Structures are given as C-alpha cells and as structure tokens.
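Heads up: the sequence shown is residues 13 to 63, going by the numbering used here.
Every residue gets a Cβ at the ideal spot worked out from N, C-alpha and C, and that includes glycine.
Treat the numbers as computed from the prediction; the structure is a model and nothing was measured.
Written below as structure tokens is the structure these notes are about.
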Amino acid sequence: MAHQIVWCDIPVADLDRAIRFYSAVIGAAVKKEKFPVGSIGLLPMKSACHL
Numbered sequence: 013m014a015h016q017i018v019w020c021d022i023p024v025a026d027l028d029r030a031i032r033f034y035s036a037v038i039g040a041a042v043k044k045e046k047f048p049v050g051s052i053g054l055l056p057m058k059s060a061c062h063l
C-alpha cells in the first residue's frame with residue numbers, strides 16, 4: 013500500500029523497558045515523547061505524509 017496509517021495502543025507498566033524491548037524487536041529506535049499528562053513511545057516513520 014502506498015499510504016497506510018496505523019495507530020496502536022499497548023499499555024505498559026514500565027515505558028522505558030518497553031521502549032528498549034520494541035526497539036530491539038523492530039531493529040530501530042522507538043522515541044520517547046513526554047507530555048504534561050504522561051509519556052508515549054513513537055515508532056519510527058519512513059517519511060511524512062504529503063496530501
């Protein structure tokens with residue numbers, strides 16, 4: 013598919029540990045993004061979507 017959007021929520025008790033695990037599984041860095049109400053892990057993207 014040329015364009016595919018995927019969103020996936022995986023609740024974890026230890027985000028830093030989950031980021032290390034998923035980074036190792038996919039072979040690319042998962043980025044930790046902090047917000048005032050919590051943090052999330054972002055999977056790498058190939059490029060930005062151009063509409």
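Check                                                             : Outcome
Three-way DSSP call (helix, strand, coil) for Ile52 in this model : strand
Alpha-carbon spacing of Ala30 relative to Leu55, whole angstroms  : 12 Å
Through-space distance from Leu27 to Ala41, alpha-carbon basis    : 14 Å
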